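Chains X and E, in that order, are what the protein sequence lines are. If you count the first sequence from 1, position 212 lands on 212 in this note's numbering, and the numbers rise without skipping. If you count the second sequence from 1, position 149 lands on 149 in this note's numbering, and the numbers rise without skipping. Idealized CB from N, CA, C, for every residue including glycine. Please read these numbers as outputs of a predicted model, since none were measured by experiment.
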Amino acid sequence: MTSQLAEDAGAETSPREEARGRQADLKPKNNRAWFLVLPVVVSVAFTAVIPLMTVVNFSVQDIFTPTDRIFVGLDWFRSISRDPEVRAAFLRTLLFSAQVLLVEIPLGVAIAVCMPRRGVSVSVALVVVALPLLIPWNVVGTIWQIFARGDIGLGGWTINNVLGIGFNYTLDSTDAWITVLLMDVWHWTPLVALLAYAGLRSIPDPYFQAAQIDAASAWATFRHIQLPRLRGVLTIAVLLRFMDSFMIYTEPFVVTGGGPGNATSFLSILLSKIAVGQFDLGPAGAFSLLYFLIVQIISYVFFTVLTRSGR
Amino acid sequence: MRLPWARTVFWLYAATLMLPLLWMFGMSIRPNEDILGSFSLIPQRVTLENYETFFTNDVWYSSYLNSILYTSMNAVMSLIVALPAAYAFSRFRFAGDKHLFFWLLTNRMAPPAVFLLPFFQIYQSVGLFDTHLGVAIAHMLFNVPLAVWILEGFMSGIPREIDETAAIDGYSLPRFFIRIFLPMIRSAIGVTAFFCFMFSWVELLIARTITSVDAKPIAATMTRTVSAAGVDWGLLAAAGVLTIIPGAIVIWFVRNYIAKGFSMGRV
């Protein structure tokens with residue numbers, strides 16, 4: 001019964017794009033709708049706007065004590081954007097996000113193509129694939145902290161003793177990077193897979209029947225029928241994966257703590273070290289705002305490129 | 001149009017996915033001496049002492065309950081706030097609607113680390129520090145935009161003719177919304193609640209910053225397992241297993257909508 005409903009919902013969404021465009025024209029103009037939006041605006045004002053203003057306030061002052069502070073203008077922004085440690089962390093985070101996208105997007109699509117479509121195994125497959133997404137992020141860290149250890153972890157132990165390669169993520173910076181990347185692939189590829197799966201399910205059967213009549217190869221079917229229909233969901237997947245990998249904090253914090261050395265200290269880790277560890281309000285404020293700005297700009301560029309291409 | 005080995009590939013992937021989880025489960029039922037003593041695939045001795053420690057130690061189980069409490073509160077509050085807004089976005093044009101919608105989404109893109117300092121200060125000054133309500137409100141930062149986004153996607157799929165017919169039949173907007181519209185989108189509400197629950201349940205950075213004792217989340221307790229005797233791996237693993245359970249239960253209920261939900265109702 002429920003799976004029937006899901007299928008109906010899936011089928012009904014395919015002409016959604018057209019319906020959406022049509023509806024937008026018909027939507028009545030009514031400024032009283034603002035009253036319905038008001039609760040959201042108030043709650044976001046309290047949770048986002050006021051804190052952001054506080055950060056702006058920090059970023060232009062040198063604060064010694066709550067009562068003893070001087071206005072320093074944009075000095076913190078200058079010193080933060082020239083700080084070699086911040087720049088190194090920025091490049092590291094960028095490299096990490098690039099690798100995450102390059103691995104997870106193709107892998108996720110491949111898994112979605114292989115996922116079962118009918119029968120009881122669909123439910124089991126969905127639950128299994130979704131499970132890593134429901135694990136608290138620090139527990140994901142804990143799982144990999146245990147799994148990748150050379151002495152007590154299955155993964156680390158296998159690499160050391162069966163493959164005979166020396167592997168220790170607490171001492172070797174390459175190993176630490178690989179561990180964090182593998183952990184992210186393990187944790188987040190399911191999200192891409194689920195999105196792509198939802199996209200594939202919305203393709204009407206006649207498309208496949210036509211391909212079968214033409215005796216199209218599996219690859220041709222994928223390339224010319226499935227992949228083009230995935231553009232919408234893959235836009236969301238790329239955006240979400242970019243934002244979240246660029247903001248990654250908890251998992252590397254638990255597994256490597258940013259080390260060894262600075263090998264895995266991403267922007268968030270550096271920021272929270274300055275903010276909560278050293279309590280340097282001014283630099284932390286300036287850092288926060290620059291960080292926020294970078295995420296917004298890159299996301300906006302991604303969004304524009306992905307929604308415009310192929311039109 | 002299925003590749004013959006697609007099934008095998010998928011289940012191999014699923015097995016790989018489960019491997020680290022099973023390994024953690026294996027750790028949780030071994031005594032600590034065995035974990036550090038010698039490496040073995042199958043536990044030599046099976047024990048429940050790690051779980052016993054968890055449930056008899058007040059710090060552990062109360063922080064577990066804290067997490068469940070503020071996550072549920074957050075899901076309810078986010079839904080109540082987001083439902084009317086999503087309806088407004090899906091049904092009406094109004095001054096600044098597109099800008100407002102995009103602005104909401106930018107909050108989902110804000111690095112949580114940015115908000116650490118102000119949250120710490122503001123919540124302390126208004127008396128929400130270390131309360132469940134405080135964490136629930138703080139998590140609305142990323143859950144409200146998400147809820148609006150998902151709900152709007154689902155609501156736009158429902159034809160506007162239904163609203164018009166109800167209006168002709170003499171339903172006022174609030175009565176229509178509660179009696180007719182909400183029951184129609186209950187699967188969307190389920191999915192949204194699931195996502196709010198999920199993102200609040202997995203978040204650590206903010207929750208840890210604005211709590212100390214009374215509302216401390218389980219995730220924060222887990223980061224403090226290092227004692228004089230080193231890391232208590234068995235207990236850590238047991239706590240890890242227990243944090244997966246609520247999520248697994250919730251997934252089972254929404255499994256048929258999960259794929260659609262992850263695409264924010266926009267396939």
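- Using beta-carbon distances, valine 40 of chain X counts as an interface residue toward chain E, with a partner under 7 Å.
- Its Cα nearest to that of tyrosine 197 of chain X, the residue X:Ala237 stands out among X:Asn168, X:Ala176, X:Ala237 and X:Asn30.
- Taking a C-beta cut-off of 7 Å against chain X, the contacting residues of the stretch 97-108 of chain E are Leu100, Leu104, Thr106 and Asn107, listed in chain order.
- Scanning the stretch 50-129 of chain X from its first residue to its last, the whole alpha helix (DSSP H) runs of 4-plus residues come out as 50-59, 75-82 and 84-114.
- Between the C-alpha atoms of leucine 146 of chain E and methionine 109 of chain E there is a straight-line separation of about 10 Å.
- Within the stretch 160-241 of chain E, complete alpha helix (DSSP H) segments of at least 4 residues are found at 161-168, 173-176, 186-202, 205-209 and 218-222, given in chain order.
- Fewer than three beta-carbon pairs drawn from the stretch 212-226 of chain X and the stretch 266-281 of chain X are found closer than 8 Å, and the two stretches are therefore not classed as touching.
- At least one C-beta of chain X is nearer than 7 Å to the C-beta of proline 111 of chain E.
- Three or more beta-carbon pairs drawn from the stretch 103-120 of chain X and the stretch 3-13 of chain E are found closer than 8 Å, and the two stretches are therefore classed as touching.
- Nearest Cα to alanine 176 of chain X within the set X:Phe253, X:Phe208 and X:Gly199: X:Phe253.
- Look at glutamine 296 of chain X: its C-beta is under 7 Å from a C-beta on chain E.
- Of the candidates X:Phe292, X:Pro283 and X:Trp157, X:Pro283 places its Cα closest to the Cα of phenylalanine 58 of chain X.
- Secondary structure of lysine 29 of chain X (DSSP, three-state): strand.
- With a threshold of 16 other beta carbon atoms within 10 Å, leucine 163 of chain X falls short and is exposed.
- In the three-state reduction of the DSSP assignment, arginine 108 of chain E falls in the helix class, which pools H, G and I.
- Under the criterion of beta carbons closer than 8 Å, glycine 261 of chain X and serine 173 of chain X qualify as touching, at roughly 6 Å.
- Closer than 7 Å at the C-beta level to chain X, one finds these residues of the stretch 120-141 of chain E: Gln121, Ile122, Ile137, Ala138, Met140 and Leu141.
- Around the beta carbon of lysine 29 of chain X, fewer than 16 other beta carbons sit within 10 angstroms, so the residue counts as exposed.
- In this structure, DSSP gives arginine 93 of chain E an extended state, which the three-state scheme calls strand.
- Comparing alpha-carbon positions, the option among X:Gly155, X:Thr235, X:Leu95 and X:Leu240 lying closest to tryptophan 188 of chain X turns out to be X:Leu240.
- Shortest Cα-Cα distance from glycine 257 of chain X to any of X:Lys273, X:Ser202 and X:Met243 involves X:Lys273.
- For threonine 54 of chain X, the C-beta contacts it makes with chain E under 8 Å involve Leu117, Pro118, Gln121 and Ile122, in order along the chain.
- Rounded to whole angstroms, the Cβ separation of phenylalanine 194 of chain E and valine 250 of chain E is 6 Å, and the two are in contact under 8 Å.
- Closer than 7 Å to the CB of alanine 88 of chain E there is at least one CB belonging to chain X.
- Chain E has no Cβ within less than 7 Å of the Cβ of phenylalanine 90 of chain X.
- Residues Leu267 and Leu271 of the same chain have their beta carbon placed closer than 7 Å to that of tyrosine 291 of chain X, with the five preceding and five following residues left out of the count.
- At a Cβ-Cβ threshold of 7 Å, valine 126 of chain E and alanine 207 of chain E do not count as neighbours.
- At a Cβ-Cβ threshold of 7 Å, valine 144 of chain E and valine 40 of chain X count as neighbours.
- Across the set E:Pro246, E:Trp252, E:Leu235 and E:Thr243, the C-alpha of E:Leu235 shows the shortest separation from the C-alpha of threonine 56 of chain E.
- Contact between serine 28 of chain E and alanine 237 of chain E holds, since their C-beta atoms are separated by about 4 Å, short of 8 Å.
- For proline 20 of chain E, the enclosing alpha helix (DSSP H) starts and ends at 6-28.
- C-alpha of valine 129 of chain X to C-alpha of methionine 183 of chain X: approximately 15 Å in a straight line.
- Close partners of phenylalanine 58 of chain X in chain E (Cβ separation under 9 Å): Leu117 and Pro118.
- In this structure the stretch 173-186 of chain E lies against the stretch 150-165 of chain E, because at least three pairs of beta carbons, one per stretch, are closer than 8 Å.
- For glycine 155 of chain X, the uninterrupted alpha helix (DSSP H) segment begins and ends at 154-157.
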